[in-house]
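Here's the structure, in structure tokens; my notes come after.
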Amino acid sequence: MTGWHETPPTAVLILRDGTRLEGRGIGAVGVAAGEVCFNTAMTGYQEILTDPSYAGQIITFTFPHIGNVGANDEDIETVNMAGSSGVRGAVIKADITTPSNYRSAERLDAWLKKRGIIGIAGLDTRALTALIRDKGMADAVIAHAPDGNFDDAALDAELAAFPGLEGLDLAKDVSTTQTYRWDETRWRWGEGYGRVENPDFHIVAIDYGAKRNILRCISDQGARITVVPATSTVDDVMAHNPDGVFLTNGPGDPAATGVYAVPTIQKIIETGKPVFGICLGHQLLGLALGGKTEKMHQGHHGANHPVKDLTTGKVEITSMNHGFAVDRDSLPAGVTETHVSLFDGSNAGLAVDGKPIFSVQYHPEASPGPHDAHYLFKRFMNLVREQKGVPQLAE
């Protein structure tokens, strides 16, 4: 008679405090350390896993069914389609099923393996999420070994070597190293992605870890874009004679990236050109204006975060992904808070009084997420139109 036995785990997630979680390995085989966060979005796992803002992080998905619509080559957010976004790992509850979607080109587990992302399935992601909410985002090591054999000493060493995200500049790791042009517009049903024709404006985007859909949303406003590296100087930016400057999203500690980014942004402000920042770009703008940033307890990660636009009184549901925030109390006179998170009251936007400069902490381009905040791209381009003497468009 054959006795009952349990299948040995083929993946582990070990937190800095010693908590050990075992499950089934998916995706790439290997070991990686990072900061564990949780994401509450119900859709868009492929866009999340390719968002460079998640560099250095292990993403826990709170929605139990991840991978059920497969993966494709369209729903990718990192500009480098063949490369990694810097995500260290993925944690899911249910096993990945056979895809059920007409746009699917492959299974998620095969897609993860191809992109070098280590995953673990079978964990109680609700319990892990509750742990993060109580104790904060934890440093951890994730490992996948198909034979179930783990070298605990090696895993401990990998985790010990991970410095944590505080004080870490990751923008330079995910930024482009070469200047390039962008003219792709947003995806439309039955048409796919388009191209901006006869653009009226020229925007320079400083790439701290740009998402493709942010660039598409700007192109949709009739602009061609020149994307430059994170380490670009003000001379590099202004050599392209832009009508406006965009500060992209990105990963890591804004204070660390600000060492080289803040002086450039301060000089761009002096030019009088319209400036718009999102996520890390928002934080860097806050630093350039004299404010401070702080590490958040659990961060904001998801596609269902309510934000109030204090300039209009409207509430919008937004997509968010950040572990640092601008300290509103540090903002100097002449800088106004424009948006606020209705989850915890943290700062979600700012503007410079009397100047065409503003930014938001959340992601108005969504992907994934609602489209409530798409008006911000038109707001930015209206500042450009005003400066060029062109009639503005209604938001």
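The sequence shown: position 5 = 5 (this note's numbering), numbered continuously.
Ideal placement from N, C-alpha and C gives every residue a C-beta, glycine not left out.
Only a predicted model underlies this, so the values are computations on that prediction, with no experimental measurement involved.
Next item on the list: Please classify Thr288: is it buried, with 16 or more other beta-carbons within 10 angstroms of its beta-carbon, or exposed?
Entry: Walking along the sequence shown from the start, residue 288 turns up at place 288. Reading the sequence as shown, one finds Ala at residue 288 and not Thr. Burial call: buried.
Check: Can you pull the DSSP bridge partners for Tyr180?
Finding: In the sequence shown, residue 180 corresponds to position 180, counting from 1. Paired residues: Val227.
Note to self: Going by DSSP in three states, Gly277 sits in which element: helix, strand or coil?
What the structure shows: Numbered from its first residue, the sequence shown carries residue 277 at position 277. Residue state, collapsed to three classes: strand.
Notebook entry, point to check: Can you give the beta carbon distance from Gly119 to Ala90, rounded, assuming they're within the 8 Å contact cut?
Noted result: Counted from its first residue, the sequence shown places residue 119 at position 119. Counted from its first residue, the sequence shown places residue 90 at position 90. Gly119 to Ala90, Cβ: 4 Å. Contact.
Margin query: What would DSSP say about Lys355, mapped onto helix, strand or coil?
Written below: For the purposes of this step, residue 355 is taken as residue 355 along the sequence shown, with counting starting at 1. Looking at Lys355 - three-state DSSP - the assignment turns out to be coil, as it is neither helix nor strand.
Next item on the list: Name, in chain order, the residues that DSSP records as bridge partners for Val335.
Entry: Locating residue 335 in the sequence shown gives position 335, counting from the first residue. DSSP, once it has assigned bridges, lists Val352 as partnering Val335.
Check: For His363, which three-state DSSP category applies?
Finding: Within the sequence shown, numbered from 1, the residue matching residue 363 stands at position 363. Looking at His363 - three-state DSSP - the assignment turns out to be strand.
Check: So the beta strand (DSSP E) Phe246 belongs to, where does it begin and stop?
Finding: Within the sequence shown, residue 246 is the residue found at index 246, counting from 1. Annotation: the continuous beta strand (DSSP E) that includes Phe246 extends over Gly244 to Leu247.
Next item on the list: Classify Lys314 as buried or exposed, calling it buried when 16 or more other Cβ atoms lie within 10 Å of its own Cβ.
Entry: One-based indexing of the sequence shown puts residue 314 at position 314. Exposed, because fewer than 16 other Cβ atoms sit within 10 Å of the Cβ of Lys314.
Check: Where does Gln392 fall in DSSP's three states?
Finding: For the purposes of this step, residue 392 is identified with residue 392 of the sequence shown, where counting begins at 1. In this structure, Gln392 counts as coil in the three-state DSSP scheme.
Note to self: For Gly23, tell me which candidate among Ser319, Val12 and Asp17 has the shortest Cα-Cα distance.
What the structure shows: Within the sequence shown, the letter at position 23 stands for residue 23. Distances from the CA of Gly23 to each of Ser319, Val12 and Asp17 were compared; the closest alpha carbon is that of Val12.
Next item on the list: Give me whichever residues DSSP pairs with Gly119 in a beta bridge.
Entry: For the purposes of this step, residue 119 is identified with residue 119 of the sequence shown, where counting begins at 1. When DSSP reads this structure, Gly119 sits in a beta bridge with Ile26 and Ala90.
Next item on the list: Could you check what DSSP says for Ala105 in three-state terms: helix, strand or coil?
Entry: Position 105 of the sequence shown, counting from 1, holds the residue named residue 105. In the three-state reduction of the DSSP assignment, Ala105 falls in the coil class.
Check: CB-CB under 7 Å to Asp207, same chain, minus the five flanking residues each way: which ones, in chain order?
Finding: Numbered from 1 along the sequence shown, position 207 holds the residue referred to as residue 207. Once the five neighbours on either side are set aside, the close Cβ partners of Asp207 are Ser175, Thr176, Val227, Val228, Pro229, Ala230 and Thr248.
Next item on the list: For Phe377, name the three-state secondary structure that DSSP assigns.
Entry: Walking along the sequence shown from the start, residue 377 turns up at place 377. In the three-state DSSP reduction, Phe377 falls in the helix class (H, G or I).
Note to self: By alpha-carbon positions, which one of Val259, Gly323, Val352 and His305 ends up nearest to Pro368?
What the structure shows: Within the sequence shown, residue 368 is the residue found at index 368, counting from 1. Ranking Val259, Gly323, Val352 and His305 by Cα distance to Pro368 puts His305 first.
Next item on the list: Determine which residues share a DSSP beta bridge with Ile14 and list them.
Entry: As a position in the sequence shown, residue 14 is number 14, starting the count at 1. According to DSSP, which records beta bridges pairwise, Ile14 is partnered with Arg20 and Val141.
Item checked: Close-in-space but distant-in-sequence residues of the same chain around Glu316 (CB under 6 Å, 5 per side omitted) -> Residue 316 sits at position 316 when you count from the first residue of the sequence shown. Excluding five sequence positions before and after Glu316, the CB atoms of its chain that fall closer than 6 Å to its own CB belong to Val307, Asp372 and Ala373, given in chain order.
Next item on the list: Specify, as a first and last residue, the run of the alpha helix (DSSP H) that Ile251 falls within.
Entry: Counting from one through the sequence shown, the residue named residue 251 turns up at place 251. Sequence check: residue 251 is Pro here, not Ile. Run containing Pro251: none; DSSP gives neither H nor E here.
Item checked: Expected contact under 8 Å - CB spacing of Asn72 and Ile59 to nearest Å -> As a working note, residue 72 is residue 72 in the sequence shown. As a working note, residue 59 is residue 59 in the sequence shown. Their Cβ separation, rounded to whole angstroms, is 19 Å, which puts Asn72 and Ile59 out of contact at 8 Å.
Margin query: Counting C-beta neighbours from all protein chains within 10 Å, is the total for Ala121 16 or more, i.e. buried, or is it exposed?
Written below: Indexing the sequence shown from 1 puts residue 121 at position 121. Around the beta carbon of Ala121, 16 or more other beta carbons lie within 10 angstroms, which makes this residue buried.
Item checked: Exposure label - Gln221; buried when at least 16 CB within 10 Å -> Taking the first residue of the sequence shown as 1, we reach residue 221 at position 221. So Gln221 counts as buried.
Next item on the list: With a threshold of 16 other CB atoms inside 10 Å of the CB of Arg188, please say whether the residue is buried or exposed.
Entry: Residue numbering aside, residue 188 sits at position 188 when the sequence shown is read from its first letter. Result: exposed.
Next item on the list: Just mark His363 as buried or exposed, buried being the case when its beta carbon has 16 or more other beta carbons within 10 Å.
Entry: As a working note, residue 363 is residue 363 in the sequence shown. With 16 or more Cβ atoms within 10 Å of its Cβ, His363 is classed as buried.
Check: So, Glu184 versus Arg216, is the Cβ gap smaller than 8 Å?
Finding: Indexing the sequence shown from 1 puts residue 184 at position 184. Indexing the sequence shown from 1 puts residue 216 at position 216. Yes, they are a contact pair.
Next item on the list: Starting from the N-terminal side, write out each stretch of the alpha helix (DSSP H) that is 4 residues or longer and does not extend beyond the stretch 143-209.
Entry: Counting only runs of 4 or more, we get 152-161 and 171-174.
Note to self: Going by C-alpha to C-alpha distance, which of Arg107, Ser341 and Asp147 sits closest to Thr7?
What the structure shows: Walking along the sequence shown from the start, residue 7 turns up at place 7. Of the candidates Arg107, Ser341 and Asp147, the one whose C-alpha sits nearest the C-alpha of Thr7 is Asp147.
Next item on the list: Please state whether DSSP places His300 in a helix, a strand or coil.
Entry: To locate residue 300, count along the sequence shown from 1; it is residue 300. His300 falls in the strand class under three-state DSSP.
Note to self: Run through the DSSP bridge pairs and tell me what Gln57 is partnered with.
What the structure shows: In the sequence shown, the residue the question calls residue 57 occupies position 57. In the DSSP secondary-structure assignment, Gln57 is bridged to Glu35.
Notebook entry, point to check: Whose C-beta lies closer than 6 Å to the C-beta of Ala366 among residues of the same chain, with five residues either side of it excluded?
Noted result: Within the sequence shown, numbered from 1, the residue matching residue 366 stands at position 366. Ser319, listed in sequence order.
Check: Looking at the unbroken alpha helix (DSSP H) that takes in Asp327, where does it start and where does it end?
Finding: Mapped onto the sequence shown, residue 327 falls at position 327. Asp327 -> not in any alpha helix (DSSP H); beta strand (DSSP E) instead, spanning Val315 to Asp327.
Check: Ile214 to Asn149, Cα distance in whole Å?
Finding: In the sequence shown, counting from the first residue as 1, residue 214 sits at position 214. In the sequence shown, counting from the first residue as 1, residue 149 sits at position 149. Going by C-alpha positions, Ile214 is about 42 Å away from Asn149.
Next item on the list: Answer yes if the stretch 197-205 comes into contact with the stretch 339-354, meaning at least three C-beta pairs across the two stretches below 8 Å, and no otherwise.
Entry: With a cut-off of 8 Å, the stretch 197-205 and the stretch 339-354 do not count as touching, because too few Cβ pairs lie within range.
Checklist line | 6 Å CB neighbourhood of Gly25 in its chain, flanking five on each side removed | finding: If you number the sequence shown from 1, residue 25 lands on position 25. Thr10, Ala11 and His144.
Checklist line | Any non-hydrogen atom of the ligand COA closer than 7 Å to Tyr102 Cβ | finding: Among the components modelled here there is no ligand, and therefore nothing to report on the ligand COA.
Notebook entry, point to check: Excluding five sequence neighbours on each side, which residues of the same chain lie with their C-beta closer than 8 Å to the C-beta of Ile194?
Noted result: The residue you call residue 194 lines up with position 194 of the sequence shown. Sequence check: residue 194 is Gly here, not Ile. Cβ within range, chain order: Glu184, Thr185, Arg186 and Arg188.
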